[in-house]
Amino acid sequence: MIKNMRQQIVAGNWKMNTTLQEGAELAREIVERLDQPKGLVVFAAPFTHLTTVQTTVKGHINVHLAAQNCHQETKGAYTGEISVDMLASLGVEFVLIGHSERREYFKETNALLAQKVDQALSKGIRPIFCCGEPLKIREKETHVNFVKKQLRESLFHLTPEQFKSVVIAYEPIWAIGTGKTASSQQAQDMHQAIRKAIASKYGKRIANATSILYGGSCNAANAAELFSQPDVDGGLIGGASLKAADFLQIIQALK
Ligand code: PEP
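See below:
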């Protein structure tokens with residue numbers, strides 16, 4: 045479903061972790077203990093787990109399923125790949141696009157990610173578009189321009205109507221899986237810059253309606269401080285999404 049309002053979201057990126065049984069148990073425990081979340085909860089589970097996790101989240105209106113990747117073509121001879129049609133047929137509503145691990149290890153470029161965004165939107169799947177700078181760029185203080193270029197080259201070809209379905213996740217690469225979180229001020233500054241860039245392209249109304257999540261060593265202890273920032277609309281959570289109690293606490297931290 046295509047949404048058109050600013051939503052608070054906590055999305056768990058399980059990456060290549062959990063067996064099917066462990067993933068099913070993780071989702072079950074979280075969903076069972078979920079107490080009126082103030083926003084959407086998203087499980088970005090491995091492809092192999094999606095059908096099983098779907099049966100757990102079904103009927104929970106605030107809990108949604110995401111894939112961690114999709115292919116840029118509709119179908120065909122791409123052995124081992126997964127199309128958005130396949131994802132849509134499972135009831136997947138979101139897909140992570142442009143995670144820094146895919147950019148780094150699988151050489152995904154801004155241009156390729158633009159194609160993936162188009163594919164996802166063509167089937168009504170909402171991209172959670174990940175952007176963020178490496179440490180070298182942060183140290184040179186060119187991080188805002190770096191992230192704006194990522195947005196320009198992968199998203200800003202969209203029509204305003206299409207863009208309304210996109211969720212942004214700002215994930216400074218130096219903070220992912222390192223235990224080194226961006227300060228809430230660093231997160232706020234970048235989120236504000238992202239929202240300004242969106243406003244210049246699509247206008248203030250759309251910019252204010254766009255959910256911008258923070259990702260990078262967000263955990264149960266620092267989530268409330270990060271989420272309290274006016275332009276931080278929740279988080280994309282890696283490591284801490286694999287522990288039900290921690291993930292539940294992060295969801296509770298939504299403002
Ligand atoms: C991520 O990979 O999207 C992420 C935010 O990881 P972590 O929370 O483990 O830093």
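Numbering (the numbering used here), first residue to last: 45 to 299.
Beta carbons: idealized from backbone N, C-alpha and C, even for Gly.
Assuming residue i is part of the alpha helix (DSSP H), what are its boundary residues?
i, result
"Arg77", "64 to 77"
"Ala55", "First-last for Ala55: 53 to 57, but that is the beta strand (DSSP E), not the alpha helix (DSSP H)."
"Arg50", "Premise fails: Arg50 is in no alpha helix (DSSP H) and is neither H nor E."
"Phe24", "Nothing can be reported for residue 24, as the shown portion of the chain is limited to 45 through 299."
Could you check if residue i belongs to the surroundings of the ligand PEP, using beta carbon to heavy atom distance under 6 Å?
i, result
"Ile281", "yes"
"Ser166", "no"
"Gly259", "yes"
"Ser154", "In the sequence as displayed, the identity of residue 154 is Asn instead of Ser. Checking the Cβ of Asn154 against the ligand PEP gives no."
"Gly142", "no"
"Ile256", "no"
"Ile53", "no"
"Ile220", "yes"
"Asn61", "no"
"Asn266", "no"
Is the beta carbon of residue i less than 7 Å from the beta carbon of residue j?
i, j, result
"Asp275", "Ser255", "no"
"Ala213", "Arg50", "no"
"Ala297", "Gly260", "no"
"Gly279", "Val54", "yes"
"Phe150", "Val86", "no"
"Val75", "Ala111", "no"
Let's test the definition: count the other Cβ atoms within 10 Å of the Cβ of residue i and tell me whether it reaches 16, buried, or not, exposed.
i, result
"Ser285", "buried"
"Gln229", "exposed"
"Pro171", "buried"
"Gly142", "buried"
Assuming residue i is part of the beta strand (DSSP E), what are its boundary residues?
i, result
"Phe87", "84 to 88"
"Phe138", "138 to 141"
"Lys214", "First, the residue type needs correcting, since residue 214 is Tyr and not Lys in the sequence shown. Where Tyr214 is concerned, the enclosing beta strand (DSSP E) stretches over 211 to 214."
"Leu257", "256 to 259"
"His108", "107 to 111"
"Pro171", "170 to 175"
Assuming the contact rule is C-beta atoms closer than 8 Å, residue i and residue j should be a hit. Round their C-beta distance to whole Å, please.
i, j, result
"Ala231", "Gln273", "6 Å"
"Lys245", "Phe291", "Contact doesn't hold; Cβ gap of about 33 Å is too wide."
"Ser198", "Leu157", "4 Å"
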